[in-house]
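Each residue of the sequence shown is one higher than the one before, counting from 1 in the UniProt record's numbering. Written out below as structure tokens is the structure these notes cover.
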Amino acid sequence: MNTKALPDELRRYKRQIIMPQIGERGQRRLLASTIAIIGLGALGSVIATSFVRLGIGKVKVVDRDHVELDNLHRQILYDEKDLAAGLPKATAAAEKLRKMNSQVKIEPIVAHAGPDNIENIITDVDLVLDGTDNFETRFLINDACVKHALPWIYGGVIATTGMCMVIIPFKSACFRCLMPQKPPAQSIPTTATHGVLINTVSIIASLQVMEGLKILLQREEDLIQKLVQIDVWRGSWTLLEIGRVENDCPCCGHKKFEFLAR
Ligand SMILES: [Zn+2]
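What follows is the structure, encoded as structure tokens:
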């Protein structure tokens with residue numbers, strides 16, 4: 001491909017446009033796409049940075065929290081100045097992301113994604129990415145995305161382990177096919193109790209971005225289509241087949257959106 005002939009708005013992407021997986025057509029498709037990133041912690045930081053640099057049309061970044069000192073070891077969008085300014089993560093993130101790529105529209109939403117606003121947040125997006133750290137919000141994202149037949153990508157990280165799964169409503173298993181009920185809070189390891197490392201985060205978030213790219217590029221046949229489990233310390237990578245439970249799934253089977261109704 002003669003990338004010298006690229007129009008100005010595409011020139012910065014020439015080293016990815018040259019890849020057959022993307023090409024000029026794929027890049028234009030990305031630039032016409034909108035994504036929502038729910039949660040701007042460690043995963044959300046890497047996801048947002050990657051998509052903005054890759055070149056996307058618009059990104060909605062959603063988080064209600066402010067930057068804290070113990071975020072800085074893993075949340076790559078923030079620095080000590082943001083901490084000193086007491087900025088909300090969504091505001092600080094939008095500022096950084098605009099500097100990375102002014103072609104991308106960034107919509108910061110300083111709010112908790114809850115049953116009252118989640119459908120509005122996802123209403124005009126092509127893909128939703130999970131940057132949260134709790135099951136309540138993931139079940140909520142799942143309900144909203146299944147209801148609106150919108151693909152979303154689950155990601156979770158604890159210490160040196162992580163998981164990632166693509167959910168394409170009514171085609172693949174949804175989050176409630178994987179986990180029918182929310183586990184009791186005391187049984188769930190969290191980063192507060194078990195810790196978290198930036199390199200585990202980077203791998204899982206990068207997988208979420210890669211799978212998200214395939215969806216936006218309409219290359220669904222190339223999706224991993226399995227639950228990916230990694231342990232960075234041990235160097236293990238496991239792929240688990242998760243089938244749709246259709247008739248037994250309250251969400252994608254019976255279309256009961258219990259978390260949206262709360
Ligand atoms: Zn389901």
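Ideal placement from N, C-alpha and C gives every residue a C-beta, glycine not left out.
Where GLN27 is concerned, the enclosing alpha helix (DSSP H) starts and stops at 23 to 31. Remark: the shortest separation between the CB of VAL128 and any heavy atom of ligand 1 does not fall under 7 Å. In this structure, the straight-line span from the alpha carbon of GLN75 to that of ARG98 is close to 17 Å.
When the five nearest sequence neighbours on each side are left out, the beta carbons in the same chain lying within less than 7 Å of the beta carbon of ALA149 are those of PRO169 and PHE170, in order along the chain.
Rounded to the nearest whole angstrom, the C-alpha separation of GLN208 and ASP143 is 19 Å.
Along the length of the stretch 146 to 214, whole alpha helix (DSSP H) runs at least 4 residues long occupy 175 to 178 and 191 to 194, reported in chain order. Residue state for LYS256 is assigned as coil, using DSSP reduced to three classes.
Within the stretch 42 to 123, the runs of beta strand (DSSP E) at least 3 residues long that lie entirely inside it are, in chain order, 58 to 62 and 105 to 109. Remark: C-beta atoms of THR191 and THR160 do not approach each other more closely than 8 Å.
In the DSSP annotation of this structure, the continuous segment of the alpha helix (DSSP H) that includes LEU10 starts and ends at 8 to 11. Judged by DSSP secondary structure, ILE17 falls within the alpha helix (DSSP H) whose first and last residues are 14 to 17. The beta carbons of VAL245 and CYS177 sit closer together than 8 Å. DSSP places ILE224 in the coil class of the three-state scheme, outside both helix and strand. In chain order, the residues that have a beta carbon nearer than 5 Å to some heavy atom of ligand 1 are CYS174, ARG176, CYS177, CYS249, CYS251 and CYS252. In this structure, GLY235 keeps its C-beta atom at 8 Å or more from the C-beta atom of ILE203.
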